[in-house]
Amino acid sequence: MKNYKAIIFDMDGTVLNTLDELTNSLNHVFHRYNLSEKTETQVRPCLGYGYSGLIERAAGPEASPELKDNLLREFQTYYSTHCQGNTHPYTGICAALSSLQKGGYKMAIVSNKGQAAVTELHDAFFKNLVAFSMGESPLYNKKPAPDMVWEALKRLGCAKEDAIYIGDSEVDKKTADNAFLDSVLVTWGFRNKPFLETLHPDYLIQSPDELTKLFLPSVNS
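In numbering that gives the first Met the number 0, the protein residues as written are 0 to 220.
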């Protein structure tokens with residue numbers, strides 16, 4: 000394996016299990032507009048594209064642009080005050096991040112989630128483990144555009160040739176490709192293993208402890 004210096008992580012479905020609270024927040028807003036509530040199974044494939052992508056996919060083509068705008072605005076407001084809800088790091092993630100940090104890796108999180116929620120979740124769970132977390136901003140195009148990843152690498156002081164990107168979806172694979180980074184996809188997130196295999200990432204892992212096996216082989220030998 001190549002000697003990487005920096006690791007860029009996706010947030011939702013990669014380091015944080017946010018499915019429960021995202022579903023709850025979506026259904027809170029849908030209920031206000033007398034729309035059918037969604038199950039976690041229905042919400043899962045809608046995730047990865049930011050708030051607007053979630054609303055667009057969950058509301059469906061039958062919803063008017065005006066309704067989608069209202070849903071998006073109210074979802075952003077509600078979720079920003081409830082984002083910690085039943086949200087937690089995946090088992091083993093914090094231990095893996097700690098080991099990678101001690102191993103000298105520079106790390107950041109890049110998410111399509113709104114910056115307010117990203118900052119709150121970063122401070123709650125990862126403040127002492129990764130350098131910073133970036134969320135959706137008018138300054139940068141959302142993933143799968145490479146803008147945020149390149150900005151993160153700039154802040155970390157690392158060239159893209161020395162970095163790798165880790166995520167859980169087709170959005171993340173496209174992001175890595177667009178940023179000219181190698182990719183790791185994880186099977187514990189919002190997409191299943193058979194689907195992820197069709198994306199042909201450089202590495203596919205099935206549990207957080209495989210992160211240390213992959214990036215710190217001497218420690219695990």
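Glycine residues also receive a C-beta, built at the ideal position from the N, C-alpha and C atoms.
Name the DSSP bridge partner or partners of M133? According to DSSP, which records beta bridges pairwise, M133 is partnered with V109.
Count Cβ pairs between the region 130-144 and the region 181-198 that sit closer than 8 Å; are there 3 or more? Result no; under three Cβ-Cβ pairs closer than 8 Å.
Classification of E36 by the beta-carbon crowding that lies within 10 angstroms, buried from 16 upward: Label assigned to E36: exposed.
Quick one: using the 10 Å Cβ neighbour count with 16 as the cut-off for buried, is M106 buried or exposed? Sixteen is the threshold: when 16 or more other Cβ atoms of the shown chains lie within 10 Å of the Cβ of M106, as they do, the residue is buried.
Going straight from the alpha carbon of Q114 to that of D68, what length do you get? So the alpha carbons of these two residues sit roughly 19 Å apart.
What separation, rounded to the nearest whole angstrom, lies between the Cα atoms of V42 and D167? When rounded, the distance between both Cα atoms is 15 Å.
Roughly how many whole angstroms lie between the Cα atoms of L184 and L71? Cα to Cα, L184 sits roughly 28 Å from L71.
List, from N- to C-terminal side, the beta strand (DSSP E) runs of 3 residues or more that fit wholly inside the region 137-166. Runs of the beta strand (DSSP E) inside the region 137-166: 162-166.
Within the 8 Å Cβ cut-off, does S97 reach chain C? The chain labelled as chain C is not found in the depicted structure, where only one protein chain is given.
When every heavy atom of the ligand GDP is checked, does at least one fall within less than 7 Å of the C-beta of K4? Questions concerning the ligand GDP fall outside what the structure shown contains, since it holds no ligand whatsoever.
Taking the straight line between their C-alpha atoms, what separation do you get for K112 and E65? Whole-angstrom Cα-Cα distance: 22 Å.
Could you have a look at Y77 and say whether DSSP puts it in helix, strand or coil? Correct three-state label for Y77: helix.
Restricting to Cα atoms, I'd like to know which of F214, L213 and P207 is closest to C93. In terms of Cα proximity to C93, the closest of F214, L213 and P207 is P207.
From M133 to M0, what does the alpha carbon distance come to, in whole angstroms? Straight-line measurement puts the Cα of M0 at about 27 Å from the Cα of M133.
Specify, as a first and last residue, the run of the alpha helix (DSSP H) that Y50 falls within. Y50 -> alpha helix (DSSP H) spans G49 to A58.
Mind the definition here: the region 80-87 touches the region 6-17 only if three or more C-beta pairs lie below 8 Å; say whether that holds. The answer is yes - the region 6-17 touches the region 80-87, with three or more Cβ pairs under 8 Å.
Based on Cα-Cα distance, which residue from S98, N2, D9 and Y3 lies nearest to V117? If we check each option's Cα against that of V117, D9 comes out closest.
Burial state of A158 (16 or more Cβ within 10 Å): A158 comes out exposed.
Look at the alpha carbon of T40 and the alpha carbon of A178, and state the distance between them as a whole number of angstroms. Between the alpha carbons of T40 and A178 lies a distance of about 30 Å.
Which of the three DSSP states is assigned to A221 in this structure? There is simply no residue 221 to check, as the chain begins at 0 and stops at 220 in what is shown.
Per-residue burial, S63 [other beta carbons within 10 Å of its own, 16 or more giving buried]: Exposed.
Residue range of the unbroken alpha helix (DSSP H) whose run includes L21: First-last of the alpha helix (DSSP H) with L21: L18 to R31.
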